[in-house]
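Peer 1: The structure follows.
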Ligand SMILES: Nc1ncnc2c1ncn2[C@@H]1O[C@H](COP(=O)(O)OP(=O)(O)O)[C@@H](O)[C@H]1O
Ligand SMILES: [Mg+2]
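This is the structure:
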C-alpha cells in the first residue's frame, strides 16, 4: 500500500533552510511535538525532520473579525474545514538525510536543501528505529524495552544495553513525575538481560519488585553491614561524636598508619593505633581517655560489622536492593561509599571478582552534591568516572539538578528527563543533546510518565519524547493519602 502524504513543504518566512523547513498540513492532519516526518526530496532521497511546533493560520478569527461577529451576534464558520485562507503548518528541524538503495536505507548528516512542494509523510516504525539508532522490535528480548514514542504506541523504544548501560544513565524530573516508576521499568529490563544490579533504595520503593524478580532485599544494620576498614576517614569521623582539633589529629595519624600498613582493621586495632599515635604525639591522659571513649561509640553503630560477601551474594541474586529508609544521612553516606568502594575493588580490570553490574542511586544529589560536603562524594564520582572501563554502569536519579555536581551529570550519556520546573532547566544545560528549544520549553508541562530521552549520536542519535511503558512489577512509590476518604 502506498503511503498517503500528509502535506508538503512550503516557502514560509526564511524556510526552507538547511536546518529547518515548514510544512503545510493537509486538512484534517495533525502532528505531535517531537514526531518524526519524512520529506521526499527526490525519487530516492529523503530528509527526516522532527516537529518543533505547529500553528493554525486562520485570518477569519483575527480579533477584529471575531469582535465584529460577536457584536453583531453572527455565527462564525471558521471552524469548518475547506476555508481557502485557513490552514495549518508545522515547523520541523532536519535531522538526517536518507538515501534509499533498493532495500537499504543509508542515513547521513543532511546537506541537501528541502525542495518547496516536496510531499511529506509520517515515518514508519522501521525508519523511526533507524533514525534514533534504537534496536528493532524483533530484538526486543535483547534490549531495554522502556516504552514508545509519545503518541504512537507502535513505535517502541528499545535501547541497546551495550551502548547505554556502561555509559551511565541519569533520570531527572520533579517529584511525582515518574522517575522511580521508570527505574522500576529499567529494573525489569536489566533483570531480563541477567545483568546484576545493586540499588541504593532510600525510600524502600523497590522491595516488592525486587522480590517479584527473585532478588534480595538487604537492610543495613540487619542483613547488611560494612567493615570498619572499608570506611574512609571522613566517613568514620561522621559516625562518632565530634572530636577536638587535637583529638582529630591523633585520630587521623592513627587512621593513616593503619591504611599505610594496608590491613583490614577492626575497632580494637583502630583503638590500639590511636594509643600509639597518641604516645608519639605526647597526647595527655585525659585527651586519650576522651578520644578512646568517642571512638568506642563505633561499637554501637549498627551498620558496622563483618561486611558482605558480594561475590557470593551476586552469584545467587541478580537484584540486591538495599532498603535504606531507616538510615540517617551520615550512615547513608557511609553505606553508599563503602559499597561503591567495594565494587570498584572487586571489578579489578585484571582479575575481576564479580560480573559487570549496575549500581543505581536514588536522590543522587545527596551523594554527589555540587558542594563538596558529602563524604561519599569522592568515591561515587570516581565510580562514575571509572565505571565505564570497569563494567560498572550507574543509574543516577534526582529531582534536584540544581544541587547535583554538574561534571558528574555530564558524564552520564543517556538522560531521561521528566517534567521539571523552569528554574531547574538551567542546571540541566548540557544534558539536552540535540533537543530543540521548542521541546525543552515544553518540559514543565510533560505528563507523568513521559520523558525527553537524550543521548549521544552513537547511543540515541536524536532526542525524542518517550512514554514509559507500564510496569510488570509492583511500584512501591505510592504516596500515602493524608486525608481518609471515609468519614
Ligand atoms: N509510566 C507510567 N505509567 C503509569 N503511571 C505512572 C508512570 N510513571 C509514573 N506513574 C504514576 O505516577 C506516580 C508517581 O511516579 P514516581 O515514579 O513514583 O514519581 P517520582 O518521580 O517522584 O519518582 C506513580 O505512583 C504512578 O502511579
Ligand atoms: Mg521517586
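Residue numbers (my numbering): 38 to 524.
For each residue, glycine too, the CB sits at the ideal point set by N, CA and C.
Every value quoted in this text rests on a predicted model; they were computed, and no experiment measured them.
When you compare the CB positions of residue 130 and residue 57, do they come within less than 8 Å of one another, or not?
Peer 2: Yes, they are a contact pair.
Peer 1: Considering only residues of the same chain and omitting the five flanking positions on each side of residue 338, which have a CB-CB separation below 6 Å?
Peer 2: For residue 338, where only same-chain residues beyond five positions count, the Cβ hits under 6 Å are 276.
Peer 1: Can you grab the Cα-Cα spacing for the pair residue 489 / residue 325, in whole Å?
Peer 2: The alpha-carbon atoms of residue 489 and residue 325 are separated by roughly 57 Å.
Peer 1: Grab me the residues of residue 467's own chain with a C-beta within less than 7 Å of its C-beta, minus the 5 sequence neighbours each way, in chain order.
Peer 2: Once the five neighbours on either side are set aside, the close Cβ partners of residue 467 are 447.
Peer 1: Residues bridged to residue 434 by DSSP?
Peer 2: BP columns for residue 434 point to 208.
Peer 1: Locate the beta strand (DSSP E) running through residue 91, then write down its first and last residues.
Peer 2: Note, residue 91: beta strand (DSSP E), 82 to 94.
Peer 1: Looking at ligand 1, does it come within less than 7 Å of residue 483, judged from the CB to the closest heavy atom?
Peer 2: No, Cβ of residue 483 sits at least 7 Å from all heavy atoms of ligand 1.
Peer 1: Identify which residue in 341, 287, 452, 301 has its Cα closest to the Cα of residue 319.
Peer 2: Per the Cα distances, 287.
Peer 1: So the candidates are 125, 491, 151; which of them puts its Cα closest to the Cα of residue 46?
Peer 2: Comparing Cα-Cα distances from residue 46 to each of 125, 491, 151, the minimum goes to 151.
Peer 1: Grab the span of the beta strand (DSSP E) containing residue 501 for me, first residue to last.
Peer 2: That run of the beta strand (DSSP E) goes 501 to 505.
Peer 1: Looking at the strands, I want to know which residues DSSP matches up with residue 263.
Peer 2: Paired residue(s): 341.
Peer 1: Quick check: the stretch 238 to 255 against the stretch 191 to 202, are there 3 or more CB pairs under 8 Å?
Peer 2: Contact fails: fewer than three Cβ-Cβ distances are below 8 Å.
Peer 1: Is the beta carbon of residue 512 within less than 7 Å of some heavy atom of ligand 1?
Peer 2: Yes, the beta carbon of residue 512 sits closer than 7 Å to at least one heavy atom of ligand 1.
Peer 1: When burial is assigned at 16 or more other CB atoms within 10 Å of the CB, is residue 117 buried or exposed?
Peer 2: Counting Cβ neighbours within 10 Å, residue 117 comes out exposed, since fewer than 16 surround it.
Peer 1: Name the DSSP bridge partner or partners of residue 237?
Peer 2: According to DSSP, residue 237 bridges with 359, 398.
Peer 1: Would you say the beta carbon of residue 456 comes nearer than 7 Å to a heavy atom of ligand 2?
Peer 2: No, the Cβ of residue 456 stays beyond 7 Å of every heavy atom of ligand 2.
Peer 1: Taking the alpha helix (DSSP H) that residue 275 belongs to, which residues open and close that run?
Peer 2: 270 to 276 is the span of the alpha helix (DSSP H), which, as asked, contains residue 275.
Peer 1: Leaving out five residues before and five after residue 487 in sequence, what residues of the same chain have Cβ atoms less than 8 Å from its Cβ?
Peer 2: 187, 215, 455, 456, 502, 503, 504, 505, listed in sequence order.
Peer 1: In the DSSP assignment, what are the bridge partners of residue 106?
Peer 2: Looking at the DSSP assignment, residue 106 forms no beta bridge with any residue, so it has no partner.
Peer 1: Which ranges does the beta strand (DSSP E) cover as unbroken runs of at least 3 residues, wholly within the stretch 433 to 491, from first to last along the chain?
Peer 2: Runs of the beta strand (DSSP E) inside the stretch 433 to 491: 451 to 454, 487 to 491.
Peer 1: Taking three-plus beta-carbon pairs below 8 Å as touching, is the stretch 248 to 264 in contact with the stretch 349 to 362?
Peer 2: Flag = yes, the stretch 248 to 264 and the stretch 349 to 362 touch.
Peer 1: For ligand 2, is there a heavy atom less than 7 Å away from the beta-carbon of residue 216?
Peer 2: Yes; taking the cut-off as 7 Å, the Cβ of residue 216 has a heavy atom of ligand 2 nearer than that.
Peer 1: Looking at the secondary structure, which residues open and close the beta strand (DSSP E) in which residue 424 lies?
Peer 2: Careful: residue 424 lies outside any beta strand (DSSP E), inside the alpha helix (DSSP H) at 414 to 427.
Peer 1: Buried or exposed, going by whether 16 or more other CB atoms sit within 10 Å of the CB of residue 316?
Peer 2: Result: exposed.
Peer 1: Suppose the cutoff is 8 Å on Cβ atoms and the five residues either side in sequence are ignored; what does the same chain contact list for residue 177 look like?
Peer 2: Cβ neighbours of residue 177 beyond the five flanking positions: 193, 195.
Peer 1: Quick one: any contact between the stretch 99 to 109 and the stretch 57 to 74, if contact means 3 or more CB pairs under 8 Å?
Peer 2: Too few Cβ pairs lie closer than 8 Å, so no.
Peer 1: Kindly list the residues whose CB is nearer than 8 Å to the CB of residue 65, restricted to its own chain and excluding five residues on each side of it in sequence; keep chain order.
Peer 2: Once the five neighbours on either side are set aside, the close Cβ partners of residue 65 are 118.
Peer 1: In its own chain, which residues sit with a C-beta less than 8 Å from the C-beta of residue 50, not counting the 5 before and 5 after it?
Peer 2: Around residue 50: 59.
Peer 1: Measuring CA to CA, which of 450, 110, 225 is closest to residue 509?
Peer 2: Checking every option, the nearest Cα to that of residue 509 belongs to 225.
Peer 1: In the DSSP assignment, find the unbroken alpha helix (DSSP H) run with residue 602 in it and report its ends.
Peer 2: Lying outside 38 to 524, the shown extent of the chain, residue 602 is not represented and no answer is given.
Peer 1: Between which two residues does the alpha helix (DSSP H) containing residue 318 stretch?
Peer 2: Its alpha helix (DSSP H) spans residues 304 to 318.
Peer 1: Among 184, 90, 442, which residue has its Cα nearest to the Cα of residue 126?
Peer 2: If we check each option's Cα against that of residue 126, 90 comes out closest.
Peer 1: Pick out whichever of 257, 427, 280, 391 has its Cα sitting closest to the Cα of residue 370.
Peer 2: Checking every option, the nearest Cα to that of residue 370 belongs to 257.
Peer 1: Whose C-alpha, out of 306, 239, 332, 421, is nearest the C-alpha of residue 362?
Peer 2: Here the closest residue by C-alpha is 239.
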